[in-house]
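What follows is a single structure, written as structure tokens, with notes after it.
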Amino acid sequence: MKLLVIGSGGREHALVRGLAADPSVTEIHIAPGNPGMATQAICHPEFTALQDPIAVTELAQKIAAELVIIGPEAPLVAGVADSLRNAGFAVFGPSAAAAQLEGSKAFAKEIMQAAAVDTAHAETLLPGVSPKEIETALNHFGPTYVVKDDGLAGGKGVVVTTDRATARCHIEEVLALGNPVLLESFLDGPEVSLFCLVDGETVVPLLPAQDHKRAYDNDAGPNTGGMGAYAPLPWLPDDAVARIVEEVCAPVAAEMVRRGIPYSGLMYAGLAWGEDGPAVIEFNARFGDPETQAVLALLRTPLAGLLNAVATGTLSEHPPLEWEPGAALTVVLAAANYPAAPEIGTPITMPTMPSQQSDTAYILHAGTALNAAGELVSAGGRVLSIVGKGADLAAARENAYALIKEIKLAGSFYRQDIALPAVEGRIQLPS
Ligand code: AMP
Ligand code: GLY
């Protein structure tokens, strides 16, 4: 099978690595890709029109791709999957209409309400709202305020604060951009990311994972795209994944079918595990980054065949998934000044000994590029994603952290505590 993957980040490198290990795959193209993928795929660094449905469709035609896998959300929301399907391609990724589950938080709320899925209470404020109306809305929330930009912000448009003035300030900022604001009740409890493959009403969950969204150790600092993740979650009740499928993902998938906008692709449920079980924080219409790097590290089932089953509407006939025992985690190496204004163009020195990379510790590229001199340099905020695997999370941590220490990137930083609260048994379920 000849594949085209769209994207260039750590998530896409994890996908390419998994796809390359599937014996049914003959050739992988990735557009634009990054230098870390060059041994596993043919990169198209000149292709930057990721959100242009016609340009992506022409590329798929040129390559004669048998399956196109779309990594990031922006092309999905822009209708790239629709254009490819109209041209006859098998596509992994939802239609523009279905991708609104991520693209519009207000749409996601409407679907959840119709499907009776537990989520935060929310109120929308539209540009033009008066200061008095803002105060009235704030009175309905607290002591912890959750203020969201109702547009695509890659997890960065959210402010969670106990300070009312900070909440008001973010509301005004978002309104000034001309975007609606979503005020939400605060959902208590540890966060879970559950990725489900969805093909109409068929829902197949992957392993549950947890992201670390704040920039610094002990969840200090600003929200980021994600600084590290681990899977599975030893603290989660045994029936949790089945409950999330039954109470969240399956009802949402059924509601989308009922509305004539069936979902096909990856449904990412971002949840808080509260007193009554799962409550939805957000949906995404694609694999999460960096959770994918940890989850796919443990998948034994050939990945291309699995994604192709979703793309061709045959997921219900696919055999059950197989997983490696043990645990995996990924630690993100971030550029200086991430997430505010990451420094790019800085040379990266990788470990020289090939033995330092193995099946239990390896490096995935995210924001990297080659400069004019052919040297590997940083090209984004999240530069590399280091994966460690082991019999348990503690062993996986040792493997990942031993490897990340060998990488040199001036000014870079990473969190030291990925999966540590889980290893130390410090994650409390509300009761
Ligand atoms: P989002 O962009 O909706 O994924 O939000 C980013 C992060 O903000 C989430 O991963 C949570 O950590 C936090 N967050 C968002 N909404 C809520 C909420 N209603 N209650 C608690 N935390 C939230
Ligand atoms: N890990 C968060 C996201 O992919 O949105």
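If you read the sequence shown in our numbering, its first letter stands for residue 15, the second for the next number, and so on.
By construction, the Cβ of each residue, glycine as well, lies at the ideal position given by its N, Cα and C atoms.
Residue state for Q75 is assigned as helix, using DSSP reduced to three classes.
Nearest neighbour of S22 by Cα position, chosen from E41, I56, G93, turns out to be I56. Counting only runs of 3 or more residues that sit fully inside the region 100-179, the beta strand (DSSP E) segments are 136-139, 159-163, 172-175, in chain order. Under a 10 Å Cβ-count criterion, I44 is classified as buried, with 16 or more other Cβ atoms of the shown protein chains found around its own Cβ. Exposed is the label assigned to N385, since fewer than 16 other Cβ atoms lie within 10 Å of its Cβ. Residue pairing of Y230 in beta bridges, as defined by DSSP: A234. For I83, the enclosing beta strand (DSSP E) has its first and last residue at 81-84.
Below 8 Å, enough C-beta pairs join the region 153-165 and the region 189-207 to call them touching: three or more. Per DSSP, reduced to three states, the secondary structure at P292 is strand. For the ligand AMP, no non-hydrogen atom lies closer than 7 Å to the CB of E87.
In terms of CA proximity to A354, P236 leads the group M364, P236, P333.
In the structure shown, the three-state DSSP call for M281 is strand. Relative to the ligand GLY, E72 has its C-beta separated by 7 Å or more from all heavy atoms. Take S426, set aside five residues on each side of it, and the residues of its chain with a beta-carbon closer than 7 Å to its own are L347, A348, A349, A350, V397, in chain order. For N232, the Cβ stays outside the 7 Å cut-off from all heavy atoms of the ligand AMP. By the CB criterion at 8 Å, A120 and T133 fall outside the cutoff. Distance from the CA atom of T374 to the CA atom of L407, rounded to whole angstroms, is 12 Å. In this structure, the C-beta of A286 approaches the ligand AMP to less than 7 Å from one of its heavy atoms.
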